[in-house]
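Following my numbering, the numbering of the sequence shown begins with 416 at its first residue and continues without gaps.
Using N, Cα and C, we set each Cβ at its ideal position, and we do this for glycine too.
Keep in mind the model is a prediction, meaning the values are calculated, not measured.
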Amino acid sequence: MNILDTIIAHKKTEVATAKRTVSIKSLEESRYFSAPKISLKEYILRDDKSGIIAEFKRKSPSKGIINETALVENVTAGYSNAGASALSVLTDTNFFGGTNKDVLAARQVNTTPILRKDFTIDEYQIIEAKSIGANAILLIAAVLTKAEIKKFTALAHSIGLEVLLEIHTNEELDKYIPEISVVGINNRNLKTFEVDFENAIRLAKSLPTNTVKIAESGISDYKNIDYLKAQGFDGFLIGENFMKTENPGQSCADFIEKINKNSHA
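Have a look at this one:
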């Protein structure tokens, strides 16, 4: 069983436990459930923003511990102040060291859109994402059918959430649906966790031109941003590159400053 299969098997058990512990009615009574929509897509396309979705991630199956000491409030506020278009917050505990409390903590100190990054396999998790203050959810094409993607997207949109559909192979392009306006293309193979930077560029050419395209994983050099923009990308998900430093927020600020200087050079 590859790492993705292992994660999904564990996630099924985790979601079943959550359903028994907290009812959907309780989730819907959250203060954030009636909060106004904040659009991930709009923020990525804003001229005064960098296009970067800056990620808070403590560890990963491929890298192990990345940063155990960083505080989510400090890091995400640093990202927002640096000019990040959006925040990505991992909530998977077992494999990535995150919790739902991380999104709640980030929400309290930010008005920037938050992508709740997890392995969504059940409608319960979509209601949960809204209840903790997220503005968008991640759907991973590798673990969902096209029918599930359609159903989950409809539910997300009905409660004011946007969807980022993540793909990383040609086969997964077939699972794209027009209702989804933001697509992330992962340079990392989710089954082997190897990075192929050119993968995103190949797949992006097959998506409709009006799709907001996000390049994910493996971006560590600010010079990559201009290149990816020229290839039609609007956004760039970067986490590990910032999180592996002592001050992720400052690293993000330095990175964005270099992008701005490079684009004006």
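### Task
Starting from the N-terminal side, write out each stretch of the alpha helix (DSSP H) that is 4 residues or longer and does not extend beyond the region 470-509.
487-497
### Task
Identify whether Asn730 lies in helix, strand or coil by the three-state DSSP scheme.
The first residue shown for the chain is 416 and the last is 680, placing residue 730 beyond what the model contains.
### Task
Could you give the DSSP three-state label for Lys659: helix, strand or coil?
coil
### Message
Alpha carbons only, please: which of Ser666, Phe448, Lys426 and Lys464 is nearest the one belonging to Leu519?
### Response
Phe448
### Query
Considering Arg531, what are the terminal residues of the beta strand (DSSP E) in which it resides?
Ile529 to Lys532
### Message
Quick check: the Cα distance between Asp669 and Ile542, rounded to an integer number of angstroms?
### Response
36 Å
### Query
Grouping DSSP H, G and I as helix and E and B as strand, with all else coil, what is Glu631?
strand
### Message
Could you tell me which whole alpha helix (DSSP H) segments of length 4 or greater appear in the region 417-466?
### Response
418-436, 439-443 and 455-460
### Message
For Tyr458 and Ala569, I'd like the C-alpha separation in whole angstroms.
### Response
21 Å
### Message
In whole angstroms, give me the CA-to-CA distance for Gly599 and Val504.
### Response
15 Å
### Message
I'd like the list of long-range same chain contacts for Phe510, defined as Cβ closer than 7 Å, with 5 residues on each side in sequence excluded.
### Response
Ile422 and Pro476
### Query
Could you give the distance in angstroms between the alpha-carbon of Ala433 and the alpha-carbon of Ile536?
13 Å
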